[in-house]
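Engineer: In the working numbering, the protein residues as written are 301 to 630.
Quick reminder that beta carbons are idealized off the backbone N, C-alpha and C, glycines included.
I have a structure here, written as structure tokens, and I will follow up with some questions on it.
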């Protein structure tokens, strides 16, 4: 049987548990928070007063903070790309409305959609950013798509999402801490609750991988190896500003996130180490010679990457993005 058919068979085998995993990891729409819970009520008498408060508190946040918050928002707003990609994974039958995997993707998308919505509206009300330039960057990112090296392989896609959801948890959680440290408790709470969603999603995708390891350990190990050898591409790796070529803004955005400690090269290695421990890679038995070599590579990878991460030098000076006017921020 071909690898593609084996993966499809495994996905079909796991289908029976997806409904219970939706109940375990996703929150019913009637119970989960919505963007309006964190934003001024446009129907209320205090709307303009609340907006003024947002604008005043926003003045306390520095330039690099706004660049990172904008980049995080744009990444969240590129959700159509992520949903269409996951809907094309082997075993996800989007034409079948009741297919459990398609149902997972739709419900996960619904939760993720709120993140971009609330951050977008907050940025608009803050008066600290150039929304038109941000909107153009978002449209470019969606139009340019992405290639994360997973193809339609569910094993590789679930490694990617396990990794990426934990990365977004770290980023939003650190942004929350910076906002709170500058006295902006509402923005801090908003970003913290977004990070909570990301952690739940990380736990879900990590459990998908755990279940695959139990039924197809050799190919799951090789998929993990392939993804880490390729290196995990961030979802906004094609980020660009208007008038510039594809991917030209991503490195500077990443440098900014590193400079203020929101997401660093060390975090990347920490995530890899956490996944190796969570999936108990060292304890998986009865592997083929090829899978054993892949396991050895993975077990040795964090220490090698930690040494490399220590040598990385980040530019001290901020790059001037079109998204944020320096005159607006400290």
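1) I'd like the span of the alpha helix (DSSP H) that includes residue 459, first residue to last.
2) Does DSSP classify residue 630 as helix, strand or coil?
3) To which residues of the same chain is residue 515 closer than 7 Å at the C-beta, ignoring the five residues directly before and after it?
4) Rounded to whole angstroms, what is the Cα-Cα separation between residue 502 and residue 478?
5) With a threshold of 16 other CB atoms inside 10 Å of the CB of residue 631, please say whether the residue is buried or exposed.
6) Using a Cβ distance threshold of 8 Å, determine whether the stretch 395–409 contacts the stretch 591–603, with at least three qualifying pairs required.
7) Please confirm if the stretch 551–559 is in contact with the stretch 611–619, defined as three or more CB-CB distances below 8 Å between the two stretches.
8) Taking one C-beta from the stretch 374–391 and one from the stretch 336–349 each time, how about it: are there three or more such pairs within less than 8 Å?
9) For residue 630, count the other beta carbons within 10 Å of its own beta carbon; 16 or more makes it buried, fewer makes it exposed. Which is it?
10) Determine the closest residue to residue 412 out of 394, 491 and 483, with distance taken between C-alpha atoms.
11) Report yes if the C-beta distance between residue 414 and residue 519 is below 9 Å; otherwise report no.
12) On the criterion of 16 or more Cβ atoms from any shown chain inside 10 Å, does residue 498 qualify as buried, or is it exposed?
13) Spatial neighbours of residue 460 within its chain, please: C-beta separation below 7 Å, excluding the five flanking residues on both sides.
14) Please go through the same chain and pick out, in chain order, the residues whose beta-carbon is closer than 8 Å to the beta-carbon of residue 341, but skip the five residues on each side of it.
Structural biologist: In short, the structure shows the following:
1) Here the alpha helix (DSSP H) through residue 459 covers 454–481.
2) At residue 630 the pLDDT is 48, less than 50, meaning the model places this residue with poor confidence; the figure from the coordinates comes in the next sentence. Collapsing the DSSP output to three states places residue 630 in coil.
3) Contacts found: 310 and 313.
4) Their backbone Cα atoms lie some 23 Å apart in a straight line.
5) Since the displayed the chain opens at 301 and closes at 630, residue 631 lies outside it and no answer follows.
6) Not touching, per the Cβ criterion.
7) Between the stretch 551–559 and the stretch 611–619, the count of C-beta pairs closer than 8 Å reaches three or more; the two stretches touch.
8) Contact fails between the stretch 374–391 and the stretch 336–349, because fewer than three Cβ pairs, one in each stretch, are under 8 Å apart.
9) In this prediction, residue 630 scores a pLDDT of 48, lower than 50, which makes its location untrustworthy; the coordinate-derived value is nonetheless stated afterwards. Around the beta carbon of residue 630, fewer than 16 other beta carbons sit within 10 angstroms, so the residue counts as exposed.
10) Closest by alpha carbon: 491.
11) No, the pair does not count as a contact, with Cβ atoms beyond the cut-off.
12) Buried, since its Cβ has 16 or more Cβ neighbours within 10 Å.
13) When the five nearest sequence neighbours on each side are left out, the beta carbons in the same chain lying within less than 7 Å of the beta carbon of residue 460 are those of 448, 450, 527 and 532, in order along the chain.
14) Excluding residues within five positions, the ones whose Cβ falls inside 8 Å are 347 and 350.
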